[in-house]
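Colleague:
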Amino acid sequence: MYLKRGTKRRSCDFCFQRKVKCDRLSRPEGQNKCSHCELRELPCVKESTAVRSTSTSIPSEPGSGRTIDDSSQAPTSPTRPIIENNNISPPVSAPVQRHTSSDLPSSSSTEAVPTGFEWQDLDWDLGADSISFLDSIFSHAYNFDNIPDTSDIEFCGQPETSTSCQSPYEVSGLELTILDQAIKAYFDLAWLALPILSRDAFMADYKNDKASPTLVYAVACRGCPFVSTVDKWTIQEKLAGHLRQRFLEARLAAESEHSVRLDDLEALALMIDFPYGPSQDVTATLHSRLGKLFLTHDSLLLMTLQYQILGHSLLPGGSSEPLQGAEDRKRLLLWHVYGTDAFRTLDTKMPSRIRDINMETTEQPTHDERTYLDSILALAIIAKKIHQNFPGSSKEEIATHHDDTTKLYDQLAEWRNTLPSHLQSSREGKTSYVQDDLMETSRTHFLQQTVLRFLEHNCYMQIQACASRSGVDDDQSLEAIMLDHLFEYRTLEAAKSIIEELPRLQLKIYHKTPTGVIGYPLIDLVPNILRDICAGTCRWMIIYGKKLLSCDMRKGAEYFVIEATKIRDAVATARSHVDTRIMVENLDEDLALLKQMIRDAEES
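Taking our numbering, the leading residue of the sequence shown gets 263, the next gets one more, and so forth.
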């Protein structure tokens, strides 16, 4: 929790570092742990002082030319261990020194990195209620403790090793320094808003060659858009091809048909909807066809719901070692899978494979305890309710839709009001921002605020889309007309808010590269949320403009063209992603058609 100067801290180290409410002192006599530490089986202590780590450049083997800038590691906390295999292991948040081999010394030099984010303060924890909810959804056993005898397993999917191979992650024609730069870029930028996996745990496995090649290539692939090299798209496509091959090989080498490694599942989650390019190679073409079956959102859901998730790595030669922080990584993965499915279901209007439960009884974390991940999960639960609220348009159903819709709007408003203070948008109604604004507060919180706001706006706009799809707006009863006006008002209000917040998307986050410091706008960091929601809003504005034109409201249609163009221009600033160009071209075609319709109406 935040403390005023001179106030004595009463929370334990775990709760204090995550800025959540600690209930240790209020618990019944005989219970010496707070609920957060008890749930995670952690020591509940109040001793350590958070120490912010400095940037450390760690050299690799002499002559290799590799230097890993590990400036973005979290502060160490000696009293924050995790329990794996009934043993207390080093804390997940401890700084990790990435190097090529385990016997390399670390450099004593330090260097400040102007990334712009105080990422040491990131809170990637889930509250007890959220963990309980996810466990009720994904209720099956996880093999995180019992490591099987792997001596008889044929490692047909593992890379061949030799004495001349420096790393199991080498890709022909790709320098390892580029791989490291892409990994660092992913965690410095894209990871800040959507943490699919633990940075420290991944780096610990990566440096010890325990991470699956599939996950290493997935992380690097998602970091490629932020690599300062002219052939980054070629590199990204090469990494994607190797990832697809290694994932399919890993499925062949799996311990059973219904088991999957945790880090392979993390890789699959990272690469959902990635636009794999065509290949002339026969083997690559076969992998491409198989990838269309296995590297999909549907496959991710089925594996997460039905497969045994293994929390250990299977090394060549038959040895096996536990993955770093497997339990925490599993929870983070489940959070991502549920949230992605909820918002994807809302956008596509397709049924979900995740079974329906009585979400009305789900208790959300209180105002003080809710974290960033809790907030997204709470909104995802509302998104599920929105999708389920409009099954049909019979007169009996229309009569109840008004009350149900009002409840949905009330739940969205309550969700907004119960956000913790550091996630509340502090610039309500302000339509202009300057770069210095980002320096006044935590940049991490600013990015998180933006992501939450746009996910919230999307929920408001999707309510009307779900209602229209169910046929509610085809009815001419008084209740249906009332609903139609309510939907229209709320959707227009959300679209207006998105337009007002477009300047927020252009604030830049700076990333250090070997060639200098490069700034990336916020819309570039989270394209699947910020850019795509903007693109969807632009299309809706164009459709509404056509509606106004059909009602002989040409001036109104012209206004909507102007506003839609503003959103289109914002979408175009996500230049780091290769699919942005195609998206902008499609928006330009739609805008050009509406403009032509306006000209035709004016001439007639």
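For every residue, glycine included, the Cβ atom is placed at its ideal position computed from N, Cα and C.
At which residues does the beta strand (DSSP E) containing Y538 begin and terminate?
Modeller: Per DSSP, Y538 belongs to no beta strand (DSSP E) and is neither H nor E.
Colleague: Are L767 and P783 touching if we call contact CB-CB under 7 Å?
Modeller: For L767 and P783, yes; Cβs fall inside 7 Å.
Colleague: Pull up the CB-CB distance for I571 and L527, whole angstroms please, since I reckon it's below 8 Å.
Modeller: At roughly 6 Å, the Cβ-Cβ gap stays under 8 Å, so I571 and L527 are in contact.
Colleague: In whole angstroms, what separates the C-alpha of Y431 from that of L670?
Modeller: For Y431 and L670, the distance between alpha carbons rounds to 48 Å.
Colleague: Note down the Cα distance separating A444 from L438, rounded to an integer number of angstroms.
Modeller: About 10 Å.
Colleague: DSSP three-state call for Y821: helix, strand or coil?
Modeller: It is helical.
Colleague: If you run the structure through DSSP and keep just helix, strand and coil, what is N347?
Modeller: Here the model assigns N347 a pLDDT of 36, short of 50, so the residue's position is not dependable and the matter cannot be decided.
Colleague: Let me know if K494 comes out buried or exposed under the rule of 16 or more other beta-carbons within 10 Å of its beta-carbon.
Modeller: Buried, because 16 or more other Cβ atoms sit within 10 Å of the Cβ of K494.
Colleague: Would you mind listing the beta strand (DSSP E) stretches within the stretch 722-803 that are 3+ residues and don't spill past its ends, in chain order?
Modeller: Listed in chain order, they are 770-775 and 778-783.
Colleague: When the distance is taken between beta carbons, is L451 closer than 7 Å to H773?
Modeller: Taking 7 Å as the Cβ cut-off, H773 and L451 qualify as a contacting pair.
Colleague: Is I805 helix, strand or coil by DSSP?
Modeller: Looking at I805 - three-state DSSP - the assignment turns out to be helix.
Colleague: Considering Cα atoms alone, identify which of D560, S575 and H574 is closest to Q568.
Modeller: When only C-alpha atoms are compared, the closest one is D560.
Colleague: Can you have a look at L853 and say buried or exposed, based on whether 16 or more other CB atoms are within 10 angstroms of its CB?
Modeller: The residue is buried, with at least 16 neighbouring Cβ atoms inside 10 Å.
Colleague: For H298, tell me which candidate among E291, S392 and R271 has the shortest Cα-Cα distance.
Modeller: H298 has its Cα closest to that of S392, out of E291, S392 and R271.
Colleague: What are the boundary residues of the beta strand (DSSP E) that includes E583?
Modeller: S582 to P584 is the span of the beta strand (DSSP E), which, as asked, contains E583.
Colleague: So V599 is in the alpha helix (DSSP H); what residue range does that whole segment cover?
Modeller: Here the alpha helix (DSSP H) through V599 covers A588 to T610.
Colleague: Take the Cβ of I440 as the centre, count every other Cβ of all protein chains shown within 10 Å, and call the residue buried at 16 or more, exposed below.
Modeller: Under this definition I440 is a buried residue.
Colleague: Around the Cβ of M565, are there at least 16 other Cβ atoms within 10 angstroms (buried) or fewer (exposed)?
Modeller: By the neighbour-count rule (16 or more Cβ atoms within 10 Å), M565 is buried.
Colleague: Could you compute how far the alpha carbon of S866 sits from the alpha carbon of K817?
Modeller: Computed Cα separation, rounded: 15 Å.
Colleague: May I ask which residues mark the beginning and end of the alpha helix (DSSP H) holding I458?
Modeller: Element bounds for I458: n/a, residue is neither H nor E.
Colleague: Comparing C-alpha positions only, which one of S490, V846 and P613 sits nearest to G778?
Modeller: Nearest C-alpha to G778: S490.
Colleague: Between V481 and the rest of its own chain, which residues show a CB-CB distance below 6 Å, the 5 nearest in sequence each way excluded?
Modeller: Excluding positions up to five away in sequence, the list reads I445 and Y448.
Colleague: S521 by DSSP, collapsed to three states: which one?
Modeller: Of the three classes helix, strand and coil, the one that applies to S521 here is strand, per DSSP.
Colleague: Using a Cβ-Cβ cut-off of 6 Å (strictly less than) and excluding sequence neighbours within five positions of G781, which residues of its own chain qualify?
Modeller: Within the same chain, G781 has close Cβ partners K770 and Y772.
Colleague: Tell me where the beta strand (DSSP E) around L572 begins and ends.
Modeller: Counting along the chain, the beta strand (DSSP E) containing L572 begins and ends at Q570 to L572.
Colleague: In or out: Q507 buried (at least 16 other Cβ within 10 Å) or exposed?
Modeller: Classification for Q507: buried.
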